[in-house]
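Colleague: Each residue of the sequence shown is one higher than the one before, counting from 1 in the numbering used here.
Just dropping this structure here.
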Amino acid sequence: MKKSKRKEAQLALAQHFLSQYQPAPTHPLLERDRAAAREYLQERGLPIYREEDYQYFKVDEWLSKEWQLSSAPRLTEAEAKAYACRLTYPDVVQAYLIGGKVAPSVEGQGYFAGSITEFARKYPEVAERYYNQMPSTKEARLTQLNSLYNEDLFVYYIPEGVHLPSPLHLIHYPSSSKDQGQTLTFPRILVIAEAESEATLLFCDHGKHEEATGYIGAIEIYVDRGAKFSYFNIEESSTHSLRVMETHIQQAEDSTVIVDNVTVQNGATRNNFFCDLIGERASIDLDGLGVLDDAKRLDNWCFIRHSSPNCHSDQLFKYTMNDTSIGSFCGRIYVAPDAQKTEAYQNNRNLLLSEQAKMFSKPQLEIYADDVKCSHGMTTGELNEQAIFYMRQRGIPLMEAKLMLTAAFMSDVLEKISYLPLRERLINTIDKRYRGLPASCQ
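As structure tokens, this is what we get:
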């Protein structure tokens, strides 16, 4: 498509969406940026299929559907607990984000987790300073769409020096039982990990309804000097669902971030990661695993910007694909001229379990400093026939041999999950998936 035609299509899609759906009233802080978001989208448009960063994901087809914006009221604490995960974790507090709205807040020893309504009342200056302030949130079109339509904001605030030994478990459903039809929501999350703090967020993404549901979500994660933050994002959504999640991470000096994004069940998923290492000696591990079958689609798009010297990033994304599923990975590492002594590594490994499955990969390096260690790599292949033959010679049935090799392929991503109960549960869940057994925690 020519550039002028592409621009026309982007603007037309934005105009269609903006004219069809009206934002609902919300908290004044969220209202603050709505006019600017609308103006930005009217000037830039919305993403369309086959543009540079959407070569394999038909985002415009989804955005053109006849959606109904969620109008369900905020759930009470008792109503929210009906959405609790069947599988629980020891010493973990559960919070709820249902239909784009936060259930009653949780405030433990030294931290806050809950709605912007309560957070802005208790910490008004912190809320003003952090919400929607990263440069990447101002430039990402789907985050701008979220900023225009979101009705609530889940805030996880860890003050300076606070160390939380157990994760916060945030349970998300894009729609509630009170919604009807094809529901579209705009969940928003803000994480603030202040200096020398340490915390973990476990985000479980579910879908209960057979009707088509969708959401366009955004999460901002600020990790201050010397802080450590782990973010485990587990998707077990509906086969009819659309999930678009844009993750924005900003790190100060000596901070450490670990991200594990695991797609166990889905329909069509697009994950965008914007990571900026702005302080010296910041480090991030960004990992992903996709378990795809039927006609499922998974796109992971990553941009890591090394803005300061002596920073480290490591990406590992793996896909297993069966039937007619389609996977895509696009990763870009940018090293600024002043970011000497950068170490940045990117790997994409893919396992095709059927002749019809497809994988597309585009690793990229953009380096403007000369004293760096950077590499990227990609492989796509099938199960090792010699290994299968060797295992069968020793009495292992064919299906069991394939399952063992597939599990071994995925193991290094799962082993990076430091929270052992979650890692064990995922290994068990994925094993059940491949054996055709019920595998959901819903």
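Backbone N, C-alpha and C fix where the C-beta goes; we use that ideal spot for every residue, glycine too.
Can you check the stretch 277 to 329 for any beta strand (DSSP E) of at least 3 residues that lies completely inside it and give the ranges in chain order?
Modeller: 283 to 292, 297 to 306, 312 to 321
Colleague: For Q393, does the count of other Cβ atoms within 10 angstroms reach 16, so buried, or fall short, so exposed?
Modeller: Stepping through the sequence shown from its first residue, residue 393 is reached at position 393. Exposed.
Colleague: If you count every other CB in all the chains shown that lies within 10 Å of the CB of Y368, and 16 or more means buried, which is it?
Modeller: Against the sequence shown, residue 368 aligns to sequence position 368. Label assigned to Y368: exposed.
Colleague: For the alpha helix (DSSP H) containing E424, name the first residue and the last one.
Modeller: Reading the sequence shown from its first residue, position 424 is the one you call residue 424. Note, E424: alpha helix (DSSP H), 420 to 434.
Colleague: Could you name the residues of the same chain whose beta carbon sits closer than 6 Å to that of I189, not counting the 5 residues immediately before and after it, in chain order?
Modeller: As a working mapping, residue 189 is identified with position 189 in the sequence shown. Same-chain partners within the cutoff: F154, I219.
Colleague: Quick one, which of V59, F17, L398 has its alpha-carbon nearest N271's?
Modeller: By one-based count along the sequence shown, residue 271 stands at place 271. Looking at the Cα atoms, V59 is the closest of the given residues.
Colleague: Should W10 go down as buried or exposed, given a rule of 16 or more other Cβ atoms within 10 Å for buried?
Modeller: On the sequence shown, residue 10 is found 10 positions in, with the first residue counted as 1. Correcting the residue type first, residue 10 is Gln in the shown sequence and not Trp. Classification of Q10: buried, given that the 10 Å Cβ count is 16 or more.
Colleague: Can L170 and Y215 be called in contact, C-beta distance under 9 Å?
Modeller: Numbered from 1 along the sequence shown, position 170 holds the residue referred to as residue 170. Numbered from 1 along the sequence shown, position 215 holds the residue referred to as residue 215. No, Cβ-Cβ distance for L170 and Y215 is not below 9 Å.
Colleague: Would you decide whether F112 is buried or exposed? Buried here means 16 or more other CB atoms lie within 10 Å of its CB.
Modeller: As a first step, residue 112 is located in the sequence shown; it is residue number 112 there, counting from the start. Result: buried.
Colleague: Identify every residue that forms a DSSP beta bridge with R332.
Modeller: By one-based count along the sequence shown, residue 332 stands at place 332. Answer is F303, Q364.
Colleague: Give me the residue from Y334, P28, K432, V372 with the minimum Cα distance to L148.
Modeller: Within the sequence shown, the letter at position 148 stands for residue 148. Among Y334, P28, K432, V372, the Cα nearest to that of L148 belongs to P28.
Colleague: Are three or more beta carbon pairs between the stretch 90 to 104 and the stretch 122 to 130 nearer than 8 Å?
Modeller: no
Colleague: Based on the DSSP secondary-structure assignment, which residues constitute the bridge partners of S115?
Modeller: By 1-based counting over the sequence shown, the position of residue 115 is 115. According to DSSP, which records beta bridges pairwise, S115 is partnered with F154.
Colleague: Quick check on N132: does DSSP put it in helix, strand or coil?
Modeller: The residue you call residue 132 lines up with position 132 of the sequence shown. The answer is coil: DSSP assigns N132 none of H, G, I, E or B.
Colleague: What first and last residue would you give for the beta strand (DSSP E) that runs through K373?
Modeller: Taking the sequence shown and counting its residues from 1, one reaches residue 373 at position 373. Unbroken beta strand (DSSP E) run through K373: 373 to 381.
Colleague: When burial is assigned at 16 or more other CB atoms within 10 Å of the CB, is D91 buried or exposed?
Modeller: Taking the sequence shown and counting its residues from 1, the one referred to as residue 91 is at position 91. Flag for D91 reads exposed.
Colleague: Who are the near neighbours of L242 in its chain, counting only those whose CB is closer than 6 Å to its CB and skipping five residues on each side?
Modeller: Sequence index remark: in the sequence shown, residue 242 carries index 242 (1-based). The residues are W62, G214, A268.
Colleague: Look at the Cβ atom of D276, then the Cβ atom of S307, and state whether they are nearer than 9 Å.
Modeller: Here residue 276 refers to the residue found at position 276 of the sequence shown. Here residue 307 refers to the residue found at position 307 of the sequence shown. Yes, Cβ-Cβ distance for D276 and S307 is below 9 Å.
Colleague: Using 8 Å for Cβ pairs, my map puts I388 next to K402. What's the rounded Cβ distance?
Modeller: Translated into positions along the sequence shown, residue 388 becomes position 388. Translated into positions along the sequence shown, residue 402 becomes position 402. At roughly 7 Å, the Cβ-Cβ gap stays under 8 Å, so I388 and K402 are in contact.
Colleague: Taking the alpha carbon of R74 as the point to measure from, which residue in Y40, T26, L30 has its own alpha carbon closest?
Modeller: Taking the sequence shown and counting its residues from 1, the one referred to as residue 74 is at position 74. That would be T26, whose Cα lies nearest to the Cα of R74.
Colleague: Tell whether a beta-carbon distance below 9 Å holds between D285 and I258.
Modeller: The sequence position of residue 285 within the sequence shown is 285, counting from 1. The sequence position of residue 258 within the sequence shown is 258, counting from 1. Their beta carbons are under 9 Å apart, which means D285 touches I258 by this criterion.
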